[in-house]
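**Q**
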Amino acid sequence: MSVTLIFLAVVAAIAGWWLSQQRMMSKPWLEVGHHHDPRPQGRHPIEPAKLGLGVFLAVVGALFTLFISAYFMRMASTDWWSTPMPKLLWVNTAVLATGSLLLHAAKVSAEHHRDDASRTALIAALAAGLAFLVGQVFAWRELTDAGYLLAGNPANSFFYMITGMHGLHIVGGLVALTRTILATRARPIDERATLSITLCATYWHFMLAVWLVLFGLFSGWASDFIDLCRQILT
Amino acid sequence: MAVVVILVLLAAGSVLFHLLSPWWWTPIASNWNYIDNTLIITFWITGVVFVAVVLFMAYCVLRFRHRPGNRAAYEPENKKLESWLAAGTTLGVAAMLTPGLFVWHQFVTVPAGASEVEVVGQQWLWSYRLPGVDGKLGTSETRDISPENSLGLNRNDAAALDDIVIEGGELHLEIGKPVKVLLRSVDVLHDFYVPEFRAKMDMVPGMVTYFWMTPTRTGTFEVLCAELCGVGHPQMRGTVVVDSEADYQTWLASQQTFSQLMAAAQTKETAQAENAAPAR
Amino acid sequence: MVDIRSGTDGALEHAEVEDVELYHPHSWWTRYVFSQDAKIIAVQYASTAIAIGMVALVLSWLMRLQLGYPGAFAFIDAERYYQFITMHGMIMVIYLLTALFLGGFGNYLIPLMLGARDMVFPYANMLSYWIYLLAVLVLAASFFAPGGPTGAGWTLYPPQAVLSGTPGGKDWGILLMLSSLILFIIGFTMGGLNYVVTVLQGRARGMTLMRMPLTIWGIFTATVMALLAFPALFVACVMMMFDRVLGTSFFMPAIVEMGEQLQHGGGSPILFQHLFWFFGHPEVYIVALPAFGIVSDLISTHARKNIFGYRMMVWAIVIIGALSFVVWAHHMYVSGMNPYFGFFFATTTLIIAVPTALKVYNWVLTLWRGDIHLTLPMLFALAFIVTFVNGGLTGLFLGNVVVDVPLSDTMFVVAHFHMVMGVAPILVIFGAIYHWYPKVTGRMLNEAMGQLHFWITFVGAYLIFFPMHYLGLIGVPRRYYEMGETAFMPASAHTLNEFITIAALIVGAAQIVFLFNLVWCIRHGRDAGGNPWRATTLEWQTPETPPRHGNWKELPVVYRWAYDYSVPGAPEDFIPQNQPGPDNLTREAAT
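Protein chains in written order, with full-length UniProt numbering: chain A, 1 to 234; chain B, 1 to 280; chain C, 1 to 591.
In structure tokens, the structure reads:
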């Protein structure tokens, strides 16, 4: 569970940093009046939707770190043979990264009021997302054709389960992206639409980051890295 | 006001129940009276705290209950009091934890001279294995389990052949001899539990767990399963007998080894085959 | 999204929301059924939780009948018995306590107590409830599925949970249970995001963190914990589903089941236990922290005195929340995991006792020199302290690794966790319902029925669970359909079992009085007025009772902390949080 504990320590550090700015040591009974509020007046410093997405990504992060923890714990047993990585996964990674870049472009365009460029980038990102999913399915088929079946070995089981879970999150992202595309199709991209695009972009960057970690995990780099850390520590 | 009476009755009743009720642990039959001692320390500390808190609360309700004209004091905090309470609590907790950790260290450190006994759980039956004359338990594998080899012993391991196998019978232990109980399960979680021994540990399929103890009292004790293992869970009983040295040796001599069992199974098989042949 | 501070540039201007930003229902359906108003969602959550909780109560009756009078009721066979205990446990922990505290009280109190109009994401909030309802229905459906519900125990330990020796293991039972849990987690996450972001962003002007009532601190911290802990259960459920349906071997080692070799191999049942308790232990505090918070507010309000050591109470909530993530393996001392973990987990577990004890001291010290009104909420709060202290102290037995060895998996454990996370939080829930019912409905609950309910529930529950510890001490294991003839268990212990059963039946029956009271007083209760308890917190200062959609005419501005009771020199014994003056009170001297 050490991976999960490290993740939680990071979350706790962020929470602790935030709490440290909330005057937790003050004596509230001595302070009467409304001017003790440290928050700036007027608009929120952070949009609630952005904050909501941030919290949600923390939950998703916890989910994947727990899968990774389980992976490492199960890996310790003797019946483990790692699954080969289909070459196609490199292509899929590139496609996913392209989607991320396109969404970033869509966000920047929207902020500079280049609506058409933004719309094009959004649709291209949607295409990239779909291409990634199709690519993943082909990667699965390549593995099953080569005889690496789901129940054949725990490494296979984890591979299919975790990539499947990641794929489901991508599907969720695509639904949100489609909604954003539909909402911006006929109307000029206002502040609200820009916010939606920004949220989609953030989510995509996060899922790309998760994918890169998973890629490292399945290719065995992650365990090599951990072994290296262990050697340095001992 | 009724609540004051009830609170006092409740505190007093709990103490009286603890002191007077006939329900207490079984007389111990192993070396783990250290565990009982730690438990007694914990009972004392927690009992004092419980009674103190409840009685103080009853007193507060009695003294500061609402009457016309009353007004509560204004007292946001009292750092000194809170620090004292925190320090006192930490002390009390340490007084329970420290002996606990010492005893746990003993619990997980098997003495060098301990003999080994294996207990195997399956739905819903106990089996046992003792090392044979070589004093070593042979290897085993769940995959090797078959009707005639119900514990999955390795037939190619010389150490396994002389192991004594007890299927569904009684386990005998020798008084005063430390024993490391190795625990194995072939299907689901079980837990080898003899209330008089105090020690217990889950048996997990796919791995071997253990605890150790020294029987200190001769007698016959009931084995129960303490980890839910399906509908037959409460029926999964067995018997452990703690013997004097002489009794133990007599019993041991009458037990069958793995190779004897295998041979018996083989003759039975051939006999069955011979019986079946003319019928065809 | 509601921006609560648009137009508050002037220092003392009341903030106002642009009306277009607030969701408006257009029909009866969207107003009362598919409502996005947190208050309606709260009532929906609470009603559903109480309804399924009643099912769990009846199940507890049935299992107690078997334990008190073994074999007397032919229809309770071993299979049914295990199905009853499993469903009872899971419903009570997840579908009643978690849902009621966070979905029920969280939804109702967070916006009102913080001076917000609603949750920040009302649509997700509505979805949260409907997914929860679906989860409850899926769970309830398993009663009617072939093979019945799962009988694996609420911990669902593999391998037995998915094998044929366990009811529902090879039928629908376990699948429906896992699906229901997965749905619950998805639904909860939607609600949980709302609670967290509303606390972070939705607070009224002047409502600093250190002015929040402890109720909100408890619910907020519990929600954050739940958001991080439930994924562990999610992962465990998904992996078990794979093992059961697709034949993988995450948790399944090589197994010979009833003489037959199964296809699995190499999996680790302990891995499931780690995942389960990584969720399961925080879950205890997910239930306890809201109860801690609510009971603090009940005691303070009804003792007319500020909560003693507010800062310590807040820090303790946060510290307990953080520590509860590093104690999970104290449920696994005898699981066969590496025994050296015991040192670490026993230490962390006993450390957590210190902040918890400080909270207890502060509740009791709040009573000291108070002006204690023995109202129903106060009675329930007192009862909570007794049962919580009792259950917390027996936790010191079980947390101290070596003392746990003889006691684990016995009735001592059952008695302990029922006292500490069954009876204690439920008493808080009752107290809270008696306290806030007037705000929800505008009417008081009937006092006589309430007294009857209180005395039977409190004394009865104590009589059930206090003696039960001693059954465990004798060595009676938990989850036993019947003890049968045993040498170590005296015959008198069977009499004790009978006594416990009778007490359980009576306590259960008393809940019918409570339910009747809830329903009857909606129409016939005494009119409550806006602030019957003369409380300081914002939910009692709404212009209308029950509060209308949007809660406020003008958003409140907060001038003080939540506990200005009996301030020296103030004309009344409480000053609402949104009242600016008087400012000239000599507080420094009083500290």
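Think of the CB as a built atom: it goes at the ideal place given N, C-alpha and C, for glycine as much as any other residue.
Could you check whether the Cβ of P76(B) sits closer than 8 Å to any Cβ belonging to chain A?
**A** So, interface residue.
**Q** Within 10 Å of its beta-carbon, does G100(B) have 16 or more other beta-carbons around it, so buried, or fewer, so exposed?
**A** Buried is the call here.
**Q** In three-state DSSP terms, what is W520(C)?
**A** Residue state, collapsed to three classes: helix.
**Q** Got a sec? Which residues, its chain only, sit under 6 Å from T150(C) by beta carbon, not counting five neighbours each side?
**A** Excluding sequence neighbours, T150(C) sits near T86, G168, G173, I174, M177.
**Q** Using a Cβ-Cβ cut-off of 6 Å (strictly less than) and excluding sequence neighbours within five positions of F388(C), which residues of its own chain qualify?
**A** A424, listed in sequence order.
**Q** Of all the CB atoms in chain A, is at least one closer than 8 Å to the CB of N497(C)?
**A** Judged by the 8 Å Cβ criterion, N497(C) is not in contact with chain A.
**Q** Let me make sure I understand the geometry here. Which of N125(C), Y82(C), A116(C), R548(C) has the alpha-carbon closest to that of residue 592(C)?
**A** The requested residue 592(C) does not occur in the structure, where chain C is confined to residues 1 to 591.
**Q** Just the Cα atoms here: how many angstroms apart are G13(B) and N194(C)?
**A** Cα to Cα, the separation comes out at about 46 Å.
**Q** For I319(C), which residues in the same chain have their Cβ closer than 7 Å to its Cβ, ignoring the five residues on either side in sequence?
**A** For I319(C), where only same-chain residues beyond five positions count, the Cβ hits under 7 Å are P355.
**Q** Taking A116(C) as the query, report the chain B residues whose CB atoms sit under 9 Å from its CB, ordered along the chain.
**A** What A116(C) touches in chain B: nothing, since even the nearest Cβ is about 26 Å away.
**Q** What does DSSP give as the partner residue(s) for M213(B) in the beta ladder?
**A** Per DSSP, V179(B).
**Q** Figure out for me which residue from Y563(C), G550(C), T545(C), F516(C) has the closest Cα to the Cα of A535(C).
**A** Selected option, being the one with the closest Cα: Y563(C).
**Q** Indicate whether L214(A) and L228(C) have their beta-carbon atoms separated by less than 8 Å.
**A** Not a contact, by the Cβ cut-off of 8 Å.
**Q** Determine the chain B residues that contact W29(A) at a beta-carbon separation under 8 Å, and present them in chain order.
**A** What W29(A) touches in chain B: P76.
**Q** Three or more C-beta pairs under 8 Å: does that hold for the stretch 283-293 of chain C against the stretch 191-198 of chain A?
**A** Touching, no, given that fewer than three Cβ pairs across the two stretches are closer than 8 Å.
**Q** Tell me Q122(B)'s beta-bridge partners as DSSP assigns them.
**A** Answer is L125(B), bridged to Q122(B).
**Q** CB-CB under 7 Å to F138(A), same chain, minus the five flanking residues each way: which ones, in chain order?
**A** Excluding residues within five positions, the ones whose Cβ falls inside 7 Å are L88.
**Q** Taking C-beta pairs closer than 8 Å, name the residues in chain B that H274(C) reaches, listed in chain order.
**A** By Cβ distance, chain B contributes nothing, its closest Cβ being about 12 Å from H274(C), past 8 Å.
**Q** So, under 8 Å CB-CB, W552(C) and T542(C) are touching, yes? Tell me the CB distance rounded to an integer number of Å.
**A** Their Cβ separation, rounded to whole angstroms, is 6 Å, which keeps W552(C) and T542(C) in contact under 8 Å.
**Q** Can you tell me where the alpha helix (DSSP H) with G238(B) in it begins and where it stops?
**A** First-last for G238(B): 238-243, but that is the beta strand (DSSP E), not the alpha helix (DSSP H).
**Q** What do you reckon, are the CB atoms on A528(C) and M468(C) nearer than 8 Å?
**A** The answer is no: Cβ separation not under 8 Å.
**Q** Does any residue of chain A have a CB that is nearer than 8 Å to the CB of V558(C)?
**A** Yes, its Cβ sits closer than 8 Å to a Cβ of chain A.
**Q** In three-state DSSP terms, what is A590(C)?
**A** Reliability of the predicted coordinates at A590(C) is poor, the pLDDT of 45 falling under 50, and no value is obtained from them.
**Q** Since E31(A) is in the beta strand (DSSP E), which residue starts that stretch and which ends it?
**A** Run containing E31(A): none; DSSP gives neither H nor E here.
**Q** Grab me the residues of N390(C)'s own chain with a C-beta within less than 6 Å of its C-beta, minus the 5 sequence neighbours each way, in chain order.
**A** Cβ within range, chain order: M419.
**Q** I want to verify the contact list: residues of chain C whose CB lies under 7 Å from the CB of S14(B), in sequence order.
**A** F466, listed in chain order.
**Q** Residues of chain A with a CB under 7 Å from the CB of A322(C): which are they?
**A** Under the 7 Å cutoff, chain A gives A12.
**Q** DSSP three-state label for D191(B), please.
**A** Note: D191(B) maps to strand in three-state DSSP.
**Q** Return the bridge partner residues of E167(B) from the DSSP annotation.
**A** DSSP, once it has assigned bridges, lists S127(B) as partnering E167(B).
**Q** If contacts are defined as beta-carbon pairs under 8 Å, then F73(C) and L67(C) qualify, I think. What distance do you get, rounded to the angstrom?
**A** Going by Cβ atoms, the distance from F73(C) to L67(C) rounds to 11 Å, so no, they are not a contact pair.
**Q** Taking the runs of the alpha helix (DSSP H) that are 4 residues or longer, which of them lie wholly in the stretch 404-489 of chain C?
**A** If we require 4 residues or more, the alpha helix (DSSP H) runs fully inside the stretch 404-489 of chain C come out as 411-418, 424-441, 447-474.
**Q** If contact means a Cβ-Cβ distance below 7 Å, which residues of the stretch 133-167 of chain A contact chain C?
**A** Hits within the stretch, in order: L150, A151, P154, S157, M161.
**Q** Taking 8 Å as the CB-CB limit, is M73(A) close to chain B?
**A** Chain B contact via Cβ: absent.
**Q** Against chain C, does N70(B) count as a neighbour if the rule is that its beta carbon must be under 8 Å from one of theirs?
**A** Closer than 8 Å: yes.
**Q** Taking CB distances under 8 Å as the criterion, tell me whether V55(A) reaches chain C.
**A** With 8 Å as the cut-off, V55(A) counts as an interface residue toward chain C.
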